[in-house]
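Number of protein chains: 2
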Amino acid sequence: MTALYGRIALIGLGLIAGSMSLAIRRAGLAGEVVGYARSAETRQTAREIGLCDRIEDSALAAVRGADLVVLCVPVGAMGDVAAEIAPGLKPGATLSDVGSVKRAVIDAVAPHLPQGVHFVPAHPLAGTEHSGPRSGFAELFDNRWCLIVPQEGADRAAVDRLEALWKAIGALTDEMEADHHDLVLAVTSHAPHLIAYTMVGVADDLRRVTDSEVIKYSAAGFRDFTRIAASDPTMWRDVFLNNREATLEILGRFTEELFALQRAIRTGDGDHLHAYFTRTRAIRRGIIEAGQDTDAPDFGRARKG
Amino acid sequence: MTALYGRIALIGLGLIAGSMSLAIRRAGLAGEVVGYARSAETRQTAREIGLCDRIEDSALAAVRGADLVVLCVPVGAMGDVAAEIAPGLKPGATLSDVGSVKRAVIDAVAPHLPQGVHFVPAHPLAGTEHSGPRSGFAELFDNRWCLIVPQEGADRAAVDRLEALWKAIGALTDEMEADHHDLVLAVTSHAPHLIAYTMVGVADDLRRVTDSEVIKYSAAGFRDFTRIAASDPTMWRDVFLNNREATLEILGRFTEELFALQRAIRTGDGDHLHAYFTRTRAIRRGIIEAGQDTDAPDFGRARKG
Ligand SMILES: NC(=O)c1ccc[n+]([C@@H]2O[C@H](COP(=O)([O-])OP(=O)(O)OC[C@H]3O[C@@H](n4cnc5c(N)ncnc54)[C@H](OP(=O)(O)O)[C@@H]3O)[C@@H](O)[C@H]2O)c1
Ligand SMILES: NC(=O)c1ccc[n+]([C@@H]2O[C@H](COP(=O)([O-])OP(=O)(O)OC[C@H]3O[C@@H](n4cnc5c(N)ncnc54)[C@H](OP(=O)(O)O)[C@@H]3O)[C@@H](O)[C@H]2O)c1
Chain E
1 MTALYGRIAL IGLGLIAGSM SLAIRRAGLA GEVVGYARSA ETRQTAREIG LCDRIEDSAL
61 AAVRGADLVV LCVPVGAMGD VAAEIAPGLK PGATLSDVGS VKRAVIDAVA PHLPQGVHFV
121 PAHPLAGTEH SGPRSGFAEL FDNRWCLIVP QEGADRAAVD RLEALWKAIG ALTDEMEADH
181 HDLVLAVTSH APHLIAYTMV GVADDLRRVT DSEVIKYSAA GFRDFTRIAA SDPTMWRDVF
241 LNNREATLEI LGRFTEELFA LQRAIRTGDG DHLHAYFTRT RAIRRGIIEA GQDTDAPDFG
301 RARKG
Chain D
1 MTALYGRIAL IGLGLIAGSM SLAIRRAGLA GEVVGYARSA ETRQTAREIG LCDRIEDSAL
61 AAVRGADLVV LCVPVGAMGD VAAEIAPGLK PGATLSDVGS VKRAVIDAVA PHLPQGVHFV
121 PAHPLAGTEH SGPRSGFAEL FDNRWCLIVP QEGADRAAVD RLEALWKAIG ALTDEMEADH
181 HDLVLAVTSH APHLIAYTMV GVADDLRRVT DSEVIKYSAA GFRDFTRIAA SDPTMWRDVF
241 LNNREATLEI LGRFTEELFA LQRAIRTGDG DHLHAYFTRT RAIRRGIIEA GQDTDAPDFG
301 RARKG
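If you read the protein sequences in the order shown, they are chains E and D. Residue 26 in full-length UniProt numbering sits at position 26 of the first sequence, with consecutive numbering throughout. Residue 177 in full-length UniProt numbering sits at position 177 of the second sequence, with consecutive numbering throughout.
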């Protein structure tokens with residue numbers, strides 16, 4: 001494939017940046033991929049495993065001459081990082097990010113944007129519970145959606161090129177408005193994560209059930225929650241603090257429904273429970289038909305005989 | 001391996017009974033495995049795929065002469081099924097079940113128990129979101145725990161033999177008291193299932209986010225919930241109606257914690273969130289170290305490059 005950008009700079013070298021770098025280099029989508037991370041330790045690891053073509057010791061040096069700069073740090077750090085690199089951005093370059101929240105990132109980054117630099121926020125809906133420079137792999141984005149959130153008056157060519165990059169990396173792309181993005185993600189990601197964290201916390205806290213019991217008997221359903229709740233604490237703190245309204249709205253709806261189901265249990269209303277549990281199966285079928293999950297029992301963990 | 005029982009009868013031929021039959025026959029743990037299910041359709045399917053050595057058209061005929069009878073029907077049906085088969089049970093036989101709730105099943109089954117029959121309730125902590133006679137596979141119980149719940153004054157030899165069966169099937173075994181079982185399972189299974197069902201219901205219900213959006217963008221966390229919420233509605237209705245108190249107790253604790261985290265989001269208390277999200281990682285590590293889940297990212301769904 002011919003390169004879409006001469007030089008791409010990735011700021012932050014964790015799961016997402018690492019996976020991007022591996023996918024971009026595998027497909028030859030950039031002349032050069034330059035990386036930078038805050039800590040010397042991460043930069044050292046990135047150098048050791050050859051995560052990028054070049055690792056710089058300052059963010060400014062990393063972005064210098066780059067045609068595309070992608071901010072791959074926690075949502076709460078985007079504004080400061082944008083301020084730091086702004087003086088080094090070359091006119092005509094595109095600045096993007098991969099933050100899990102869009103409105104807050106746009107508000108934090110836009111004020112630092114130099115004239116002539118195109119800002120095209122994006123969010124690849126792909127991840128695992130692992131993080132750090134060693135956690136990336138080139139296939140992470142295959143067949144996953146990447147949402148592009150173009151700003152008013154955005155340069156169409158810059159948006160199209162970023163979309164082409166994500167497609168070439170293996171992703172499917174859609175464009176979406178920032179507030180709607182934040183609401184959709186509150187449903188498909190942020191609320192489920194908070195709920196999983198909460199349930200695991202409750203299990204850990206109970207006096208009458210030991211941690212060893214929880215661990216041994218987790219296969220009955222709970223262990224799926226623990227995977228989600230093993231995700232990076234800093235990333236998720238920032239997500240909740242920066243997508244506050246939408247997350248709280250969805251959690252409010254969730255609590256309402258949960259109370260209704262609790263009441264059905266208390267009053268022995270089996271019909272209500274049965275109807276509710278039947279309705280929720282359609283969504284699962286849709287996800288499998290859309291190729292967004294496997295139908296193998298238990299995600300394929302249970303080996304089919 | 002030498003047979004542990006001459007004849008084993010399985011009543012109900014779904015995921016659990018099917019998997020038991022395949023595992024028992026593979027290892028030669030019984031002289032014969034006889035099966036019975038309520039509907040002619042399920043019996044027909046079971047015959048077609050050779051699920052058991054023999055399928056009978058009545059429960060009474062199936063249990064006749066059996067040394068072990070295992071009730072593999074939804075928890076709410078256990079009492080009626082026990083009443084139906086009781087006259088056919090042979091003296092000295094063991095009656096067991098695989099119900100996900102133990103106190104209610106014991107209360108429902110015990111009154112029908114003929115003299116000289118040993119009742120040894122059990123619960124294998126293994127399952128998938130699939131059900132029915134075609135969903136079973138012999139490896140389902142490998143390395144999973146099966147909890148045995150011996151009754152006061154139980155015949156030790158009968159308990160030991162059932163435990164030996166589960167071990168030979170591939171499971172690990174523990175003994176537990178019925179009420180404690182129900183509380184532990186409320187934490188590791190019942191509350192997580194209700195929560196998953198609720199969250200999927202909320203997503204399905206929202207006006208401002210379409211089902212198609214929920215389906216396309218589910219990989220960000222939500223799809224794990226949909227797998228759990230695709231489980232059999234009848235089985236789960238019965239679980240909640242029959243483990244009411246423990247489930248409601250755990251859901252009460254869950255709501256309390258969720259409110260505390262919601263308040264932390266609302267007030268911007270990042271430290272509280274970060275500390276909570278850090279604490280929950282230890283349980284995940286324990287589960288992986290105990291061999292109860294894979295450490296492969298995203299349950300191995302994400303192919304490691
Ligand atoms: N993981 C997912 O599931 C997922 C999915 C889609 C989008 N995202 C988004 O992608 C971004 C990166 O996530 P990730 O999973 O790749 O995270 P990660 O593996 O934890 O890596 C985060 C990177 O950001 C750096 N960093 C952390 N705090 C920083 C700060 N205050 N200032 C400057 N740099 C900082 C870290 O540097 P050091 O290594 O030097 O500490 C690290 O290189 C986040 O905005 C997240 O919301 C994540
Ligand atoms: N699935 C799990 O994850 C799991 C794990 C551990 C324990 N369990 C327990 O194992 C038991 C069976 O679950 P499963 O997953 O094997 O279920 P399943 O695949 O849905 O099969 C249930 C079987 O029970 C029969 N049945 C349903 N309602 C009945 C009634 N009212 N009277 C008589 N028979 C009835 C069905 O007959 P037809 O086919 O003729 O309708 C079917 O053969 C339940 O008690 C459940 O709590 C389940």
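Ideal Cβ placement from N, Cα and C applies to all residues, glycine included. A quick note: this is a predicted structure, and the numbers were derived from the prediction, not measured.
D:F119 does not reach chain E, its nearest Cβ partner there being about 23 Å away, counting only Cβ pairs nearer than 9 Å. Nearest neighbour of E:I283 by Cα position, chosen from D:A203, D:L125, D:P121, D:R25, turns out to be D:A203. Contact between E:S231 and E:E139 fails: their C-beta atoms lie close to 19 Å from each other, not under 8 Å. Assigned with DSSP and collapsed to three states, D:G79 falls in helix. With a cut-off of 6 Å, the C-beta of E:C72 is classified as near ligand 1, since at least one heavy atom of the ligand falls inside that distance.
Closest in alpha carbon position to E:G136, among E:I49, E:T247, E:T226, is E:I49. Under the three-state reduction of DSSP output, D:S21 falls in the helix class. Between the alpha carbons of D:A82 and D:L248 lies a gap of roughly 28 Å. In this structure, ligand 2 has no non-hydrogen atom nearer than 6 Å to the beta-carbon of D:T45.
For D:H193, the neighbours in chain E by C-beta distance under 7 Å run, in chain order, G221. Sorting D:G252, D:G221, D:Y197 by C-alpha distance to the C-alpha of E:T278 places D:Y197 at the top. Under DSSP, E:P124 shares a beta bridge with E:C146.
CA-CA distance, E:V159 to E:S96, rounds to 10 Å. Sixteen is the threshold: since fewer than 16 other Cβ atoms of the shown chains lie within 10 Å of the Cβ of E:T2, the residue is exposed. CA-CA distance, E:W236 to E:V75, rounds to 9 Å. In this structure E:E177 is exposed. Its beta-carbon is surrounded by fewer than 16 other beta-carbon atoms within 10 angstroms.
By the rule that beta-carbons nearer than 7 Å mark a contact, E:T42 does not touch chain D. Relative to ligand 2, the beta carbon of D:D232 is positioned inside 6 Å of a heavy atom. Taking 8 Å as the upper bound for CB-CB distance, D:A186 and D:A229 are not in contact here, some 17 Å apart. Between the alpha carbons of D:W145 and E:E152 lies a distance of about 57 Å. The bridge partners DSSP lists for D:V33 are D:I8. Around the beta carbon of D:A104, a 10 Å sphere encloses 16 or more other beta carbons of the protein chains shown; the residue is thus reported as buried. For E:T226, the shortest separation between its Cβ and any heavy atom of ligand 1 does not lie below 6 Å. DSSP places D:E175 inside the beta strand (DSSP E), whose first and last residues are 172-175.
Short note on D:G170: C-beta not closer than 6 Å to any heavy atom of ligand 1.
Non-local C-beta neighbours of D:T173 in its own chain, meaning closer than 8 Å and more than five positions away in sequence, comprise W145, C146, L147, I148, E163, W166, K167, ordered along the chain.
When DSSP states are grouped into helix, strand and coil, D:F277 belongs to the helix group. For the stretch 283-297 of chain D, the set of positions with a beta-carbon nearer than 7 Å to some beta-carbon of chain E reads I283, R284, G286, I287, A290, Q292, D293, T294, P297 in chain order. Residues of chain E with a Cβ closer than 9 Å to the Cβ of D:M78 do not exist, since the nearest Cβ in that chain sits about 15 Å away. By the criterion of at least three beta-carbon pairs nearer than 8 Å, the stretch 36-50 of chain D is not in contact with the stretch 280-298 of chain E.
Unbroken beta strand (DSSP E) stretches of 3 residues or longer found wholly inside the stretch 48-77 of chain D: 68-71, given in chain order. Using a Cβ distance threshold of 7 Å, E:N242 and E:V101 count as a contacting pair. Per DSSP, reduced to three states, the secondary structure at D:S96 is strand. Under the 8 Å Cβ criterion, the stretch 9-20 of chain D counts as touching the stretch 58-73 of chain D, having at least three qualifying pairs. Not a single CB atom of chain D sits nearer than 7 Å to the CB of E:T94.
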